[in-house]
Amino acid sequence: MLIHLIRLDTRLHTPMYFLLSQLSIIDLMYISTTVPKMAVNFLSQMSLLCEIMENGSSTSYFILLGLFNHTTAHQVLFMMLLAIVLTSLFGNALMILLIHRDRRLHTPMYFLLSQLSLMDMMLVSTTVPKMAADYLTGNKAISRAGCGAQIFFLPTLGGGECFLLAAMAYDRCAAVCHPLRHPMLMSWQLCLRMTMSCWLLGAADGLLQAAASLSFPYCGAHEIDHFFCEAPVLVRLACADTSVFENAMYICCVLMLLVPLSLILSSYGLILAAVLHMRSTEARKKAFATCSSHVAVVGLFYGAAIFTYMRPKSHRSTNHDKVVSAFYTVFTPLLNPLIYSVRNSEVKGALTRCMGRCVDLSHE
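So the sequence shown is numbered by the numbering used here: it starts at 15 and just counts up by one.
This is the structure we're talking about:
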């Protein structure tokens with residue numbers, strides 16, 4: 015955050031703060047050199063301890079059955095999926111780069127959009143590399159620690175995105191309904207607080223799901239009919255009563271999905287009322303163009319998430335779970351940058367200017 019603040023605020027563009035930003039980079043790299051490995055070791059030891067305490071009755075690994083088999087049709091689908099993932103990563107990385115480089119996009123709205131792109135990149139990277147490695151090597155095993163890591167990151171990123179979309183809806187509501195007060199209603203300080211809250215709330219949900227899921231004994235069958243570890247799918251293999259956890263997860267999903275969704279719908283209800291009262295046709299078109307892209311992203315993401323996490327247990331199907339999970343972990347991250355770039359003139363303008371600078375540099 016300190017690096018980002020120094021980059022954004024021109025008043026901090028001094029040698030002192032440049033050196034401070036370098037200190038922050040060194041600190042980030044210093045922590046990243048030691049802590050991730052320590053955390054992996056700790057999680058592995060905890061997993062082994064749980065196995066020992068259960069007298070060997072619980073498996074130390076799981077088998078992910080995957081999304082594809084090795085027929086010709088599925089090989090083609092696998093190649094298409096990889097192309098979609100690479101396009102998604104490129105599109106979201108390009109969105110972050112444009113927002114970072116173009117000063118016209120240094121606003122709370124585009125800062126939130128850059129966080130959405132970051133979450134989408136991490137969401138894709140959490141599931142697809144493991145799925146691709148399993149398919150290409152044939153080794154479909156995943157350790158309890160690896161499974162727990164996937165269960166942690168998926169709700170962290172998915173839950174964080176739920177609240178981030180609500181923050182983006184609030185920003186659009188303030189911009190359309192109160193344009194003169196928008197800088198005060200959506201200040202940089204409030205924007206940063208909202209962003210940090212989104213990440214922390216998502217992480218809390220992910221930590222609870224991972225800890226609870228791995229606390230159950232998994233004896234007997236250890237094959238997960240999915241292409242990544244997901245709490246609702248994993249707990250079906252537990253040889254213990256999981257009804258309390260499933261009810262708690264359902265309540266948690268109501269809070270993580272329906273509360274932000276109600277805020278989003280309320281915000282866009284106010285936006286719609288304000289747009290209909292606009293006298294300027296040009297202003298009305300601009301408001302509709304900006305907000306319609308937000309609504310499309312919200313509909314795609316929330317529709318898939320609600321279908322996955324809030325269906326009754328009696329209506330669950332493994333094949334449906336796989337398809338819907340692939341949709342919100344692979345396809346939605348691809349659609350986000352496409353929707354915002356195609357429907358947003360400011361992003362297209364930033365892309366044109368960036369390409370123009372690249373052409374000028376190549377001529378020099």
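Built from N, CA and C at the ideal position, the CB exists for glycine as well.
Asked                                                                                                        : Found
Alpha helix (DSSP H) segments (min. 4 residues) lying fully within the stretch 120-199                       : 122-151, 158-191, 196-199
Continuous alpha helix (DSSP H) stretch holding Y264: start and end                                          : 257-267
Spatial distance of V142 from G174 (CA atoms)                                                                : 19 Å
From A159, M109, C267, P246, residue whose alpha carbon lies closest to that of I320                         : C267
C-beta atoms of L171 and G216 nearer than 8 Å                                                                : yes
Spatially closest choice to M208 from F230, A224, Y184, by CA coordinates                                    : Y184
Same chain, Cβ closer than 8 Å to P50, neighbours up to 5 away in sequence not counted                       : none
DSSP state of Q89 mapped onto helix, strand, coil                                                            : helix
C-beta contact flag for A107 and M135 at 8 Å                                                                 : yes
Span separating the alpha-carbon of A226 from that of F259                                                   : 7 Å
Beta carbon of N88 nearer than 8 Å to that of M182                                                           : This sequence places His at residue 88; Asn is not what is there. No.
Sequence-distant residues of the same chain with beta carbon closer than 7 Å to T101, five excluded per side : L348
Secondary structure of F315, DSSP reduced to three states                                                    : helix
For D282, the first and last residue of its enclosing alpha helix (DSSP H)                                   : Looking at the sequence provided, one finds Tyr at residue 282 rather than Asp. It spans 273-290 - the alpha helix (DSSP H) in which Y282 sits, taken as one unbroken run.
Whole-angstrom distance between L79 and L352, CA atom to CA atom                                             : 31 Å
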